[in-house]
Amino acid sequence: MPPPYTTQTTTADLLADYAPLIKGKVILTTGVSPNSLGGFFVQSLALARPSCLILAARNADQLAQTAAALQASISISTSTSTSTNHPTTQIRTLQIDLSSLESVRAAAAEVNGWDDLPAIDVVVNNAGIMGVPDYRRSPEGFEAHWATNHLGPFLFTNLLMPKIVAAPSPRVVVVSSDGHRLNPVRFDDFNFDVSHSASVTEGKSYDRWRAYGQSKTANMLFALSLAQKLGLKRNLQAFSLHPGVIFTNLDRDVDWSVGMKELR
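Residue numbering for the sequence shown follows this note's numbering, beginning at 833 and increasing consecutively.
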């Protein structure tokens, strides 16, 4: 029977149950920046003494700021520990722009070049964008939500797969959203090019919430497919999740006085 976690469950409660499973692991998390879900996540993980935390983000300055704060908290935790066995958690940073497939390939090549880290136990695909009001395309020509929230993480995870499956019990986590209810994947028009009149114009039928919704649906399908294809074969477990309604930097493009009306 699973532990009785509720909306009142704290980080301390979870660590009490899962710290032994986290200790000694190599964990890569994307979307790690100040005041973000990813930033809070890695701060919490550090208390369980993983072997290495790989922090990945687009903004180099914010990445360095988060890494410095994390390193300071680890140092304080270690100095106040009563245990005589407290190995230091290594912190590595990785700059990656998930909207650019070129950046994704470069970042994956960097990680794959770390010969001293032959395996990655857990990959958490947390980075993303939401509700971008104006129609944008990635450098490769894909709608921004589709590129950043799905294509980038999909490619990144697959390029790292040799190191992921080298772990004894690998995990891939894809942070989706209840927003998947807003739209299925538009397989025939994921770029929102086709209007109802069937004329083809770039971004003609763009709706920011449908764009976000299809990317979150794709997150779920990606995790499901990974579990089906590599579960029994490579002992890989993959999960997608709805993190709840948490106000972070993710909603920087959303005026909720307008956004809630759009969602009705």
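Ideal Cβ positions, reconstructed from N, Cα and C, are used throughout, including at glycine. Remember, predicted model here, so these are calculated numbers, not experimental data.
- Strand pairing of N957, partner residues [DSSP]: V1006
- Message: Could you compute how far the alpha carbon of M962 sits from the alpha carbon of L930?
- Response: M962 and L930 have their C-alpha atoms spaced approximately 14 Å apart.
- Cα-Cα separation between Q897 and R969, rounded to whole angstroms: 29 Å
- Taking the beta strand (DSSP E) that F1022 falls in, what are its first and last residues? Counting along the chain, F1022 falls outside any beta strand (DSSP E), and DSSP gives it neither H nor E.
- Message: DSSP three-state label for E972, please.
- Response: coil
- 8 Å contact criterion, which L1058 and V1004 should meet: CB distance rounded: 6 Å
- Message: Between the region 841-859 and the region 933-946, can you find at least three pairs of beta-carbon atoms closer than 8 Å?
- Response: no
- Can you tell which of Y1038, L983, Q1046 and T921 has its C-alpha closest to the C-alpha of L1014? Checked all of Y1038, L983, Q1046 and T921; the closest Cα to L1014 is Q1046.
- Going by C-alpha distance, which of H1074, R1018, Y1044 and P1002 is nearest G1152? Absent from the model: residue 1152. The displayed extent of the chain is 833 to 1096, so no value can be given.
- Message: With the cut-off set at 8 Å, would you say Q927 and L895 are in Cβ contact?
- Response: yes
- P982 and N1051 closer than 8 Å at C-beta: This sequence places His at residue 982; Pro is not what is there. Yes, the Cβ-Cβ distance between H982 and N1051 is below 8 Å.
- Are P1000 and L869 touching if we call contact CB-CB under 8 Å? No, the Cβ-Cβ distance between P1000 and L869 is not below 8 Å.
- Message: Can you find the residues in the same chain that come closer than 7 Å, C-beta to C-beta, to T980, ignoring five residues on each side of it along the sequence?
- Response: L930, S931, G960 and I961
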